[in-house]
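5 is the number of the first residue of the sequence shown in my numbering; add one for each residue after it.
Here's the structure, in structure tokens; my notes come after.
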Amino acid sequence: MGTNCAPLLADIFLYSFEAEFIKSLVSEGKRYLASDFNFTYRYIDDVLSINNPKFADYLSSIYPSELEVKETTETNNSASYLDIMLCYDTDGHINTSLYDKHDDFNFSITNFPFLSSNIPSSPAYGVFISHLIRYARASTKKYTDFELGVFQISFSVKDMFVTD
Numbered sequence: 005m006g007t008n009c010a011p012l013l014a015d016i017f018l019y020s021f022e023a024e025f026i027k028s029l030v031s032e033g034k035r036y037l038a039s040d041f042n043f044t045y046r047y048i049d050d051v052l053s054i055n056n057p058k059f060a061d062y063l064s065s066i067y068p069s070e071l072e073v074k075e076t077t078e079t080n081n082s083a084s085y086l087d088i089m090l091c092y093d094t095d096g097h098i099n100t101s102l103y104d105k106h107d108d109f110n111f112s113i114t115n116f117p118f119l120s121s122n123i124p125s126s127p128a129y130g131v132f133i134s135h136l137i138r139y140a141r142a143s144t145k146k147y148t149d150f151e152l153g154v155f156q157i158s159f160s161v162k163d164m165f166v167t168d
């Protein structure tokens, strides 16, 4: 995004369409349909709609046709939203785990600054620590996902943190 206010402008822009859609449903006496959108969330341009099988049917009524909407539902029981993978278990509970779309690429991505680069060392270590905190907070299976995340992150940064 090109300017500091771009995320806020995108948020306001999309909210205006969503608010108008819900307002029109209520004014047409379709409160029952509007209530299906109770568990619909958006962060800038990422939308999550939980337990709303009608959401896809109404996308063209909510957003302008120029807006390209991509489906990220993995299966009927799982979907990614921001950096979280949401999955329904057999009991109907939602479980979360960390999701990184970079894992879907067929090439490696460098997520961490090299200590030998021309930056202070504290931001480089801060990136590492912030990823550890992300792993700790994101999952309903706290220990196993955290352990896996620590292993993956340690493996990927070992060469970057080694200085001569």
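We treat Cβ as the ideally placed atom computed from N, Cα and C, and that holds for glycine.
Note that the structure is predicted; figures quoted are calculated from it, not measured.
Residue i, enclosing beta strand (DSSP E) - first and last residue
{"i": "I133", "result": "First-last for I133: S125 to A142, but that is the alpha helix (DSSP H), not the beta strand (DSSP E)."}
{"i": "V51", "result": "D50 to S53"}
{"i": "S75", "result": "What sits at residue 75 in the sequence shown is Glu, not Ser. Per DSSP, E75 belongs to no beta strand (DSSP E) and is neither H nor E."}
{"i": "Y47", "result": "T44 to Y47"}
Identity of the residue in the options nearest residue i by Cα
{"i": "H135", "options": "L119, K145 and D104", "result": "D104"}
{"i": "F116", "options": "A38, S126 and K145", "result": "S126"}
{"i": "F21", "options": "Y36, I54, S69 and G6", "result": "S69"}
{"i": "K74", "options": "A60, S39 and N81", "result": "A60"}
{"i": "I4", "options": "I157, D49 and D87", "result": "Residue 4 is absent from the model: the chain starts at 5 and stops at 168."}
Simplified DSSP state of residue i, which is helix, strand or coil
{"i": "S20", "result": "helix"}
{"i": "I88", "result": "strand"}
{"i": "S158", "result": "helix"}
Status (buried if at least 16 other CB within 10 Å, exposed otherwise) for residue i
{"i": "S19", "result": "One detail in the question is off: residue 19 reads as Tyr in this sequence, not Ser. By the 10 Å Cβ count, Y19 comes out exposed."}
{"i": "I133", "result": "exposed"}
{"i": "L29", "result": "buried"}
{"i": "I66", "result": "buried"}
{"i": "L102", "result": "buried"}
Same chain only: Cβ atoms within 8 Å of residue i, ignoring 5 sequence neighbours per side
{"i": "E78", "result": "S84 and M89"}
Residue i CB to nearest heavy atom of the ligand PLP below 7 Å
{"i": "D107", "result": "Ligands displayed in this structure: none; no statement on the ligand PLP is therefore possible."}
Neighbourhood of residue i by C-beta, 6 Å cutoff - its chain only, sequence neighbours within 5 removed
{"i": "T44", "result": "S53"}
Beta-carbon proximity list for residue i, same chain, < 7 Å, skipping 5 on both sides
{"i": "F25", "result": "S65 and I66"}
{"i": "Y139", "result": "L102, D149, F150, G153 and V154"}
Endpoints, the alpha helix (DSSP H) within which residue i is located
{"i": "I66", "result": "F59 to I66"}
{"i": "L102", "result": "L102 -> not in any alpha helix (DSSP H); beta strand (DSSP E) instead, spanning I98 to L102."}
{"i": "S112", "result": "Element bounds for S112: n/a, residue is neither H nor E."}
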